[in-house]
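K.L.:
All letters in the sequence shown, in the order written, are residues 7 to 219 by our numbering.
Ideal Cβ placement from N, Cα and C applies to all residues, glycine included.
First, the structure itself, so that you have it in front of you.
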Amino acid sequence: MAEVFTPSVLRKIMLGPVIPLGINWAYYNDYYQWMANHETELKNLENMAYWRSLKNEAERNLPPSANRSPSFIPYRILKIREDIMITQLTYLLGEGGFNKAKNRYNDDRTCMKCGVLIKNMGRYLNALENETRALVEVKKDIFKTTDEEYRAAQAKIMKKLSTQYTPLEIEKAQIYLPERLSRHMMNDIHGFCPACWEDTIKPKLGWKDSISK
Ligand SMILES: [Zn+2]
Numbered sequence: 007m008a009e010v011f012t013p014s015v016l017r018k019i020m021l022g023p024v025i026p027l028g029i030n031w032a033y034y035n036d037y038y039q040w041m042a043n044h045e046t047e048l049k050n051l052e053n054m055a056y057w058r059s060l061k062n063e064a065e066r067n068l069p070p071s072a073n074r075s076p077s078f079i080p081y082r083i084l085k086i087r088e089d090i091m092i093t094q095l096t097y098l099l100g101e102g103g104f105n106k107a108k109n110r111y112n113d114d115r116t117c118m119k120c121g122v123l124i125k126n127m128g129r130y131l132n133a134l135e136n137e138t139r140a141l142v143e144v145k146k147d148i149f150k151t152t153d154e155e156y157r158a159a160q161a162k163i164m165k166k167l168s169t170q171y172t173p174l175e176i177e178k179a180q181i182y183l184p185e186r187l188s189r190h191m192m193n194d195i196h197g198f199c200p201a202c203w204e205d206t207i208k209p210k211l212g213w214k215d216s217i218s219k
């Protein structure tokens, strides 16, 4: 249900404890009005089933393809979601407070929150995966290894690598710790390392109950 926010309702919402002193009232009015206008999208920001449901007739009837899974969501729809995120990030962090492109590719990119060098997090995870795998495969095939055996070998390699990377690089990389048969690619997300994105940026995005009442 779409709720129309009158100026008095908006004012009541804005008097909540979440608003810092010295705010720009016109700015918050604008932000909350924008949120109210995008309530459904914001409430479903992380619900990919919602975005998948926006497929049109032609997109639903695409013939099966080897490089398209059933959970495929067309770029047209992902772009709508991405634009909403970018607008919200702009309201929350300002134009220069994040990176508009989802990923940057320059080698010297650092997290805009904690300052970690993204490239070194990737190097740490690569070394961890390659050396763990090599250690495990001295004894047996990686496919025949148990998760417990893999983790024991990984712990040994982590100890070895602990002197070659900074504590911050190691701490922030833990979010993408490789598993026996899978790993994540390390990249920044809108200017932040994945750990800072998950812990401090993502929780600010989407619909916030503090504005609904
Ligand atoms: Zn960070």
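1) Per DSSP, what kind of secondary structure is Ile-195 in: helix, strand or coil?
2) Sorted by chain position, which residues of the same chain lie with C-beta nearer than 6 angstroms to Trp-57's C-beta, five sequence neighbours on each side aside?
3) With a threshold of 7 angstroms on Cβ separation, who are the neighbours of Ile-92 within its own chain once the five nearest residues in sequence on each side are excluded?
4) Let me know the secondary structure DSSP gives Leu-51 once reduced to three states.
5) Kindly examine ligand 1 and report whether one of its heavy atoms sits closer than 7 angstroms to the Cβ of Ala-161.
6) How big is the Cα-Cα spacing for Leu-98 and Cys-117?
7) Pull up the distance between the alpha-carbon of Tyr-130 and that of Lys-146, whole angstroms please.
8) Is it buried or exposed for His-196, if we count other Cβ within 10 angstroms and need 16 for buried?
9) Below 7 angstroms CB to CB, which residues in the same chain sit around Glu-137 once its five sequence neighbours on both sides are set aside?
10) Could you check what DSSP says for Leu-98 in three-state terms: helix, strand or coil?
11) Using a Cβ-Cβ cut-off of 8 angstroms (strictly less than) and excluding sequence neighbours within five positions of Pro-70, which residues of its own chain qualify?
12) Using beta-carbon positions only, say whether Asp-194 and Asn-109 come within less than 8 angstroms of one another.
P.N.:
According to the structure shown:
1) DSSP, reduced to helix, strand and coil, places Ile-195 within a strand of the structure shown.
2) Excluding five sequence positions before and after Trp-57, the CB atoms of its chain that fall closer than 6 angstroms to its own CB belong to Ile-79, Ile-83, Arg-87, given in chain order.
3) Lys-106
4) coil
5) no
6) 17 angstroms
7) 24 angstroms
8) buried
9) Ile-163
10) helix
11) none
12) yes
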